[in-house]
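Protein chains: 2
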Amino acid sequence: MDLFSKVGYEAAGVAEICEKCGISKGAFYHHFPTKQTVFLELLEKWLADLEAAMEQAAREVKSVPEAFRAMASSMRGIMQVADGRISIFLEFWTQARRDPEVWERTIKPFRHYRRIFELLICRGVQEGSFKDVDPVLTAHTLVSFAVGALLQGVVDPEGAKWDDILPRSIEFFLHAMMKGQT
Amino acid sequence: MDLFSKVGYEAAGVAEICEKCGISKGAFYHHFPTKQTVFLELLEKWLADLEAAMEQAAREVKSVPEAFRAMASSMRGIMQVADGRISIFLEFWTQARRDPEVWERTIKPFRHYRRIFELLICRGVQEGSFKDVDPVLTAHTLVSFAVGALLQGVVDPEGAKWDDILPRSIEFFLHAMMKGQT
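This is how it looks when you write it as C-alpha cells:
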C-alpha cells in the first residue's frame with residue numbers, strides 16, 4: 498500500500514512490490530493471480546477497518562449526535578493517512594465503469610455505508626435526538642457530503658482548512674436534524 | 498468528447514480522434530501539441546458552460562432559494578449527459594496530484610464554484626431569505642455534497658433514485674438555512 502500510494506497504481510509493478518516486501522515473484526504469484534487482486538484485497542481491508550471504526554464510534558457513545566461527532570473527528574485522521582489510498586480509489590472508480598469485479602468491490606461498499614447511516618438516523622429518531630427526518634434521504638445527503646469532502650480534501654488539501662470545516666459541517670447537519678433547534 | 502467518453506482517455510488515441518473528426522494528424526498537431534491539450538480544452542469549455550448555466554439560473558430567479566432549486570433541476574440533466582465526462586474528470590483528478598498543469602485546470606475550478614456559492618449565500622442572507630448562516634461554511638458543505646452526489650450518480654447510477662434524491666436534498670439544505678423554518 499505504501500508503494501501504491503507513493504508511485505500510483507500503474508507504476509507499482511509486481512517486481513517493485515516483491516522487492517519492497519523481500520519476497521520472490523514465485524511467492525507473490527503463489528498467493529495472488531494478479532496485481533489487481535493484491536490491490537483490491539488491500540482496499541477491502543482498509544474499507545473493513547474504516548467500517549469497524551465507524552461502528553465502534555457508534556457503539557461507544559450515548560447518543561446518535563455524539564456518534565456523528567465522533568465520526569467527524571475520526572474522518573480528519575482518515576484524510577491525513579488516506580491521501581495516496583483515496584487517490585488510487587479514484588483510479589479504480591474510473592475502471593469500475595468497465596470492469597464488473599472492480600465495480601463490485603469499490604462501488605458497492607458505498608451502498609453499505611448509506612445503510613449504516615440510515616440505521617443510525619433511525620436510532621436517532623427513536624431515541625428522541627432527531628426530528629422525524631427521512632432516514633433514507635438524510636443518509637444519502639450525509640454520505641454524498643462525506644464523499645465530496647474527502648475527495649476535495651485529497652485533491653486540494655490546501656484549498657480550505659478541512660480540519661476545521663469538517664466538524665463544523667457536521668454541526669450544520671446536526672443542527673438541521675436535531676430536535677429543539679431554531 | 499464523444500470518443501473520450503466512450504472508450505476512456507487512454508484508449509482514445511490521436512489517430513482515432515483524427516479519424517472521427519475527419520482531419521489529418523498534421524492538422525491536429527497544428528492546433529494542439531498533445532492529446533492532453535485537447536482534453537483539457539474540452540473540459541474547460543464544459544466547466545465554463547456549467548458555470549454560465551449556474552450564473553444564469555442565479556440571475557433569472559427572484560430569490561436565492563429559488564436559484565438553488567433551479568440549480569438542482571439543472572444538475573439532474575448534467576448527471577445524465579455528463580456520465581463519460583465526469584468519469585474522465587476522475588482520471589484527471591488522479592493525475593492532478595502529480596501534474597501541476599492538470600491540477601491548475603481540473604482542481605482549481607472547484608475553488609471558484611465555492612466562491613460563487615459563498616456570494617449567493619451572502620445574497621440570500623442580505624435579501625432576508627436565509628438565517629445568519631456562515632457563507633464560507635455552508636458553501637463548503639453544499640459544494641462537497643454536490644461533488645459527492647455527482648460522483649456517486651456517475652459511478653453507481655442504479656444505486657439510488659438520484660433524480661428524486663437531488664432536489665429533496667436541496668430542500669433539506671434550504672430548510673436548514675431559511676428563516677422561519679422549524
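Chains as they are written, first to last, in this note's numbering: chain A, 498 to 679; chain B, 498 to 679.
Even glycine gets a Cβ: it sits at the ideal position worked out from N, Cα and C.
Span of the alpha helix (DSSP H) holding residue i?
i         : result
Gly677(B) : It is not in any alpha helix (DSSP H) - Gly677(B) carries neither H nor E in the DSSP assignment.
Ala646(B) : Pro632 to Val652
Val504(B) : Asp499 to Val504
Pro530(B) : It is not in any alpha helix (DSSP H) - Pro530(B) carries neither H nor E in the DSSP assignment.
Gly621(A) : Lys605 to Gln623
Ile514(B) : Val511 to Cys518
Nearest to residue i by CA position, among the options, is which residue?
i         : options                                       : result
Arg556(B) : Ile613(B), Leu544(B), Leu587(B) and Gln592(B) : Ile613(B)
Gln649(A) : Trp600(B), Ile618(B), Gly621(B) and Ala657(B) : Trp600(B)
Thr638(B) : Lys522(A), Phe669(A) and Cys619(A)            : Phe669(A)
Met551(A) : Ala593(A), Glu541(A), Leu539(A) and Arg566(A) : Arg566(A)
His528(B) : His672(B), Val511(B) and Leu540(B)            : Val511(B)
Val633(B) : Ala643(B), Leu616(B) and Leu647(B)            : Leu616(B)
Lys605(B) : Glu655(A), Asp661(A) and Glu541(A)            : Glu655(A)
Leu663(B) : Ala673(B), Leu547(B) and Leu647(B)            : Leu647(B)
Ala509(B) : Ala524(B), Phe536(B), Pro530(B) and Tyr526(B) : Phe536(B)
Arg643(A) : Val622(A), Lys542(A), Ser626(A) and Arg665(A) : One detail in the question is off: residue 643(A) reads as Ala in this sequence, not Arg. Selected option, being the one with the closest Cα: Arg665(A).
Asp653(B) : Arg595(A), Ser626(A) and Gln678(A)            : Arg595(A)
Asp631(A) : Pro597(A), Ala673(A) and Asp661(A)            : Ala673(A)
Ser626(B) : Ala545(B), Gln678(B), Gly519(B) and Thr534(B) : Gln678(B)
Looking only at its own chain, which residues have a Cβ that is under 6 Å from the Cβ of residue i, when we skip the five neighbours before and after it?
i         : result
Lys676(A) : Lys628
Phe589(A) : Val599 and Thr603
Lys532(B) : Val511
Ser620(B) : The sequence given here has Arg at residue 620(B), not Ser. So the qualifying residues of the chain are Val561.
Gln697(B) : Past the edges of chain B, shown from 498 to 679, lies residue 697(B), and the structure says nothing about it.
Met498(B) : Leu539
Ile667(B) : Phe565 and Ala569
For residue i, which residues in the same chain have their Cβ closer than 7 Å to its Cβ, ignoring the five residues on either side in sequence?
i         : result
Ala636(B) : Arg611, Phe614, Glu615 and Ile618
Leu671(B) : Pro562 and Phe565
Glu624(B) : Ser560 and Val561
For residue i, I'd like the list of residues in its chain whose CB is within less than 8 Å of its CB, leaving aside the five on either flank, ordered along the chain.
i         : result
Val640(B) : Phe607, Tyr610, Arg611 and Phe614
Ala554(B) : Ala564, Ala567, Met568 and Ser571
Lys522(A) : Val511, Ala512 and Cys515
Leu500(A) : Ala509, Glu513, Ile514 and Lys517
Counting only beta-carbon atoms, is residue i nearer than 8 Å to chain E?
i         : result
Phe536(A) : The structure shown has no chain E; the protein chains it does contain are A and B.
**Message:** Short of 7 Å Cβ to Cβ, which residues in the segment 648 to 659 of chain A face chain B?
**Reply:** Leu648, Gln649, Val652, Asp653, Gly656 and Ala657
**Message:** Closer than 9 Å between beta carbons: that is the criterion. Which residues of the segment 509 to 535 of chain B meet it against chain A?
**Reply:** none
**Interface residues of the segment 597 to 610 of chain B facing chain A [CB-CB below 9 Å]** = Trp600, Thr603, Ile604, Lys605, Phe607 and Arg608
**Request:** Give, in chain order, every residue of the segment 621 to 638 of chain A whose Cβ lies closer than 9 Å to some Cβ of chain B.
**Result:** Lys628, Val630, Asp631, Val633, Leu634, Thr635, His637 and Thr638
**Request:** Check each residue of the segment 548 to 565 of chain B: if its Cβ is closer than 9 Å to any Cβ of chain A, include it; give the result in chain order.
**Result:** none
**Positions along the segment 659 to 671 of chain A whose CB lies within less than 7 Å of some CB in chain B** = Ile662, Arg665, Ser666 and Phe669
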